[in-house]
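*Asks:* Under my numbering, the first residue of the sequence shown carries the number 40, and numbering increases by one thereafter. From the three backbone atoms N, C-alpha and C, an ideal C-beta is built for every residue, glycine too. None of these values were measured; they are calculated from a predicted model.
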Amino acid sequence: MTVQARPVQPQFPSGFLWGTSTAAYQVEGAAREDGRSPSIWDTFCRTPGKVHEGHTGDQACDHYHRFRDDVALMGALGLDAYRFSVSWSRVQPTGSGPADQRGLDFYRALTDELLEHGITPFLTLYHWDLPQDLESGPEGGWPARETALRFAEYAGLVAEALGDRVVNWTTLNEPWCSAFLGYGSGVHAPGRTDPVAALHAAHHLNLAHGLAAQALRATLPAEAKLMVSLNPAAVRARSEAQGDQDAARRIDALATRVFTSPMLRGVYDEDLIADTAHLTDWSCVRDSDLKDIAQPLDALGLNYYTPSLVSAPDRNGSDPVPPSRDDGHGASEHSPWPGSEHVSFHQHPGERTEMGWSIDPTGLTELLLRFHREAPGLPLYVTENGAAYDDVPDAGGMVHDPQRIAYLRRHFTAVHEALTQGADVRGYFLWSLLDNFEWAYGYSRRFGAVHVDFGTQRRTPKSSALWYARVAASGRIPDAA
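Okay, here's the thing in structure tokens:
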């Protein structure tokens with residue numbers, strides 16, 4: 040009799056971090072407490088038709104009041120690290136001037152609680168919640184240079200308050216979304232639809248990153264680690280045809296290289312400048328800007344959910360998807376892609392999540408290996424990855440989500456494949472710890488490893504959370520749920 044060997048469970052390196060991610064506006068609530076002022080998302084949520092059923096982040100997961108319970112939950116799951124963002128509106132309500140110590144006290148208490156549970160804090164300074172005063176005042180939001188200067192001041196204030204507690208600092212989360220969804224398609228706050236403003240916002244977000252990195256270096260202890268979290272596109276051309284290949288090049292420039300080239304190499308690529316020359320002469324870029332942007336980093340964070348499939352403008356009668364980037368961030372009659380008339384977007388075949396995102400973990404391996412090649416010696420983290428499913432508690436109150444477990448197993452395997460090919464990947468952060476406010480989708484999409492009843496605020500770890508705890512404890516990918 041032949042005994043079939045059990046498959047070998049992939050083993051991750053010792054010290055590999057297993058964590059979860061959240062964002063301030065999505066989980067904190069307490070929108071009007073302790074001096075916090077409105078952010079652009081508070082305003083956007085109150086604009087009719089912008090957010091599903093008029094949902095807001097006013098209460099969200101009430102993490103502001105329940106953070107100790109949430110940290111205890113992380114501890115019970117055996118997580119190594121927690122990636123969270125600071126609400127700029129809570130710390131510096133108008134986006135300028137002195138810090139409000141009540142806001143900083145919350146983040147001091149949160150980080151202390153994490154450290155007491157042996158959980159490493161990863162702090163993100165900006166996850167899309169710009170103080171409304173900076174958008175509606177004379178500064179004019181991210182298309183204006185002044186906002187980048189204000190961001191550097193804010194970074195210094197947070198560093199002064201938390202530099203004795205936090206080692207790992209991230210400047211920006213997904214600046215592509217801030218620039219192109221916020222100012223191009225208008226499906227994210229502040230809801231503007233101006234392609235020139237979107238391009239200028241991208242530059243000033245780059246500048247904000249560089250100036251903030253300098254402010255952090257000037258304030259933090261020498262052992263502090265600086266990074267940025269980007270959502271580069273795993274973009275595929277539909278065919279080898281020259282037009283389809285050029286479409287992929289265009290989207291790579293606008294989705295990825297508009298940030299990585301200035302941040303990592305101190306340049307804007309010539310093809311990006313040429314592709315957008317009909318919109319802007321890039322005079323917003325001053326002589327010293329690129330030097331300011333290209334600050335040394337200690338790590339690079341990559342967020343990945345789904346690849347993009349593109350072609351030359353489709354004239355064959357097929358059904359391309361709207362040019363809002365096939366990643367479920369919302370539909371709009373306005374494109375986030377300057378020059379999108381040169382590109383058609385298409386749905387990938389195969390299985391999808393509740394967001395409509397195709398499931399293709401090879402894109403994650405591809406991106407990790409790309410930046411292993413393009414930024415040799417720079418450690419990498421997967422700072423977001425996860426899936427939304429329609430998670431419903433059973434009669435006993437439990438939430439079984441085998442689809443999410445299958446999704447995670449495949450993506451963990453993709454990370455392990457990148458490791459075996461030499462990529463220096465140091466950790467993985469699941470999006471998200473909790474079901475939360477999912478931007479324009481409100482509370483209609485659930486990404487959490489922990490189910491949240493938004494009426495009672497009851498937390499219930501899903502079966503995927505318990506499975507993830509096994510991964511975190513062993514460093515291995517279980518071969519069964």
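I need the DSSP call for THR95, collapsed to helix, strand or coil.
*Replies:* It is coil, neither helix nor strand.
*Asks:* By the three-class DSSP mapping on this structure, what secondary structure does LEU406 have?
*Replies:* It is helical.
*Asks:* CB-CB under 6 Å to GLY369, same chain, minus the five flanking residues each way: which ones, in chain order?
*Replies:* Here GLY369 scores only 48 on pLDDT, less than 50, and its place in the model should not be relied on; the value that follows carries that caveat. Hits under 6 Å: VAL226, ALA479.
*Asks:* Output needed for GLN50: all residues of its chain with C-beta closer than 7 Å, excluding positions within five of it in sequence on either side, in chain order.
*Replies:* Within the same chain, GLN50 has close Cβ partners GLY514, ARG515.
*Asks:* What residue range is occupied by the uninterrupted alpha helix (DSSP H) comprising GLU393?
*Replies:* From DSSP, GLU393 is part of no alpha helix (DSSP H); its letter is neither H nor E.
*Asks:* With H, G and I counted as helix, E and B as strand and the rest as coil, what does DSSP make of ALA69?
*Replies:* Residue state, collapsed to three classes: coil.
*Asks:* How is MET437 classed by DSSP in three states: helix, strand or coil?
*Replies:* Three-state DSSP puts MET437 in coil, outside helix and strand.
*Asks:* Suppose the cutoff is 7 Å on Cβ atoms and the five residues either side in sequence are ignored; what does the same chain contact list for TRP470 look like?
*Replies:* These residues qualify, in order along the chain: SER60, GLU423, ASN424, GLY425, PHE486.
*Asks:* Could you compute how far the alpha carbon of HIS102 sits from the alpha carbon of GLN48?
*Replies:* Cα to Cα, HIS102 sits roughly 35 Å from GLN48.
*Asks:* Assign SER350 to buried or exposed, taking buried as 16 or more other Cβ atoms, counted over all protein chains shown, within 10 Å of its Cβ.
*Replies:* Buried, since its Cβ has 16 or more Cβ neighbours within 10 Å.
*Asks:* Output the distance between the C-alpha atoms of VAL125 and GLY282, rounded to the nearest integer angstrom.
*Replies:* Rounded to the nearest angstrom, the two C-alpha atoms are 43 Å apart.
*Asks:* Based on DSSP bridge pairs, tell me the residues matched to ASP151.
*Replies:* DSSP output for ASP151 lists no bridge partner at all.
*Asks:* Candidates LEU164, VAL130, LEU112, THR186: which alpha carbon is nearest ILE158's?
*Replies:* Checking every option, the nearest Cα to that of ILE158 belongs to LEU112.
*Asks:* By the DSSP assignment, the alpha helix (DSSP H) with VAL197 in it spans what residues?
*Replies:* Start and end: 184-201.
*Asks:* How big is the Cα-Cα spacing for VAL42 and ASP518?
*Replies:* The pLDDT assigned to VAL42 is 49, lower than 50, so where the model puts this residue is not dependable; a value taken from the coordinates is nonetheless given after this. One C-alpha to the other measures close to 18 Å.
*Asks:* Quick check: is the beta carbon of PHE493 nearer than 7 Å to any beta carbon in chain C?
*Replies:* Checking the listed chains, one finds no chain C in this structure; it contains a single protein chain.
*Asks:* Around the Cβ of LEU505, are there at least 16 other Cβ atoms within 10 angstroms (buried) or fewer (exposed)?
*Replies:* The residue in question, LEU505, is exposed, as its Cβ has fewer than 16 Cβ neighbours within 10 Å.
*Asks:* From ALA254, VAL491, PRO214, pick the residue whose C-alpha is nearest to that of LEU265; which is it?
*Replies:* The option with the nearest alpha carbon to LEU265 is ALA254.
*Asks:* Which full runs of the alpha helix (DSSP H) of 4+ residues lie inside the region 281-334, going along the chain?
*Replies:* The qualifying runs are 281-291, 309-314, 328-332.
*Asks:* With distances taken Cα to Cα, identify the nearest neighbour of ASP73 among ASP119, GLY54, GLN131, GLY58.
*Replies:* Among ASP119, GLY54, GLN131, GLY58, the Cα nearest to that of ASP73 is on GLN131.
*Asks:* Under 7 Å, do ALA252 and PHE190 count as touching if we go by C-beta distance?
*Replies:* It is not a contact, given that the beta carbons lie outside the stated cut-off.
*Asks:* If you compare alpha carbons, which of LEU473, PHE55, LEU407, ARG184 is closest to ALA120?
*Replies:* It is PHE55 whose Cα lies nearest to the Cα of ALA120.
*Asks:* Given this structure, state the Cα-to-Cα distance separating SER503 from ASP326, to the nearest angstrom.
*Replies:* Going by the C-alpha atoms only, they are around 50 Å apart.
*Asks:* With DSSP collapsed to three states, give me the class of ARG465.
*Replies:* ARG465 falls in the strand class under three-state DSSP.
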